[in-house]
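Below: the structure, in structure tokens.
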């Protein structure tokens, strides 16, 4: 089975203020990361704040470019694409979920999801698909409520419905449970597993919460910009 994501020797450097560009004084956020993620799986990038997990996810999702290294999505080298091609890829094949759900406050749950379908260029069946996705995340009876009428967990479920609505192949979720209580966070993880099984998507998420990693098919632990553990055995590691 071919891997849906392949990263090879990813380095990401940022200039230090006052330093000569490209000098050894540049800050290396990622220091040669290589990993593979199979399709229809839930992969977790785990690490403390500042470990490099969000930087890595931004590169894997075509939001950022590495200083060195290559990334392939579905066999296509995205690090060689133009910005326009990368934008088209993000709109068509990728879904995003963030810690801050960023729902449009003047739109209902249904309208938020339907609007995302419009942005993705979906021409037909938007109403049916929006309703289907909201029912999938357990909000079939709440789809016409406004964001301010919903709990934090419900708002995150709307964000998940929005991310999956255009049928992406991959969803990237950056600390999607960071602002949720433990019970709601576990509920979201259960929903992710359901999406992998029912929608056939691959989900890559970041977290610093050890209590969530058991839900992943694989866990990649980052520390100081390096991969210190990465396989499909859901190995638990401790902060040092």
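Residue numbers (this note's numbering): 5 to 244.
No residue lacks a Cβ here, since even glycine has one placed at the ideal position from N, Cα and C.
Fair warning: this is a prediction, and the values are worked out from it, not measured in the lab.
Original post:
Just curious, the alpha helix (DSSP H) that residue 199 is in, first and last residue?
Top reply: Position 195 of the chain shown, counted from the start, is the residue given in the question as residue 199. Taken as a continuous stretch (DSSP letters only), the alpha helix (DSSP H) holding residue 199 covers 186 to 203.
Original post:
residue 115 to residue 92, Cα distance in whole Å?
Top reply: Within the chain shown, residue 115 is the residue found at index 111, counting from 1. Within the chain shown, residue 92 is the residue found at index 88, counting from 1. Looking at the two C-alpha atoms, the distance is approximately 23 Å.
Subject >> Within 9 Å, strictly: CB atoms of residue 205 and residue 168 >> reply: Here the question's residue 205 lines up with position 201 in the chain shown. Here the question's residue 168 lines up with position 164 in the chain shown. Yes, the pair counts as a contact, with Cβ atoms nearer than the cut-off.
Original post:
Do the stretch 171 to 188 and the stretch 97 to 108 touch if we need at least three Cβ pairs shorter than 8 Å?
Top reply: Judged by Cβ distances under 8 Å, the stretch 171 to 188 makes contact with the stretch 97 to 108, as three or more pairs qualify.
Original post:
Cβ atoms of residue 75 and residue 208: under 9 Å apart, would you say?
Top reply: As a position in the chain shown, residue 208 is number 204, starting the count at 1. As a position in the chain shown, residue 75 is number 71, starting the count at 1. No, these two residues do not count as a Cβ contact at 9 Å.
Original post:
Ordered along the chain, which non-local residues of its own chain (more than five positions away) have a Cβ less than 8 Å from that of residue 124?
Top reply: Here residue 124 refers to the residue found at position 120 of the chain shown. Counting only Cβ-Cβ distances below 8 Å, and skipping sequence neighbours, we find 95, 96, 169 and 170.
**OP:** Tell whether a beta-carbon distance below 9 Å holds between residue 147 and residue 111.
**Re:** Translated into positions along the chain shown, residue 147 becomes position 143. Translated into positions along the chain shown, residue 111 becomes position 107. No, they are not a contact pair.
Subject >> residue 159, buried or exposed, once every other Cβ within 10 Å from all chains shown has been counted against 16 >> reply: By one-based count along the chain shown, residue 159 stands at place 155. Counting of Cβ neighbours within 10 angstroms places residue 159 among the buried residues, the total reaching 16 or more.
Original post:
In chain order, what residues of the same chain lie with their CB nearer than 8 Å to the CB of residue 81, ignoring the 5 residues before and after it?
Top reply: By 1-based counting over the chain shown, the position of residue 81 is 77. For residue 81, where only same-chain residues beyond five positions count, the Cβ hits under 8 Å are 74 and 75.
Original post:
Using a Cβ-Cβ cut-off of 6 Å (strictly less than) and excluding sequence neighbours within five positions of residue 43, which residues of its own chain qualify?
Top reply: Position 39 of the chain shown, counted from the first residue, corresponds to residue 43. If we look at residue 43 and ignore the five residues flanking it on each side, its Cβ neighbours are 8 and 206.
Original post:
Between the C-alpha atoms of residue 36 and residue 136, what's the straight-line distance to the nearest angstrom?
Top reply: Within the chain shown, the letter at position 32 stands for residue 36. Within the chain shown, the letter at position 132 stands for residue 136. Distance between the alpha carbons of residue 36 and residue 136 is about 41 Å.
**OP:** Apply the 10 Å Cβ neighbour rule to residue 176 and answer buried if 16 or more other Cβ atoms are within range, or exposed otherwise.
**Re:** Within the chain shown, numbered from 1, the residue matching residue 176 stands at position 172. Of the other Cβ atoms in all chains shown, 16 or more fall within 10 Å of the Cβ of residue 176; this residue is therefore buried.
Subject >> Whole alpha helix (DSSP H) elements within the stretch 116 to 164, 4-residue minimum >> reply: 130 to 140
Original post:
In chain order, what residues of the same chain lie with their CB nearer than 6 Å to the CB of residue 56, ignoring the 5 residues before and after it?
Top reply: For the purposes of this step, residue 56 is identified with residue 52 of the chain shown, where counting begins at 1. Result list for residue 56: 33, 34, 226 and 229, in chain order.
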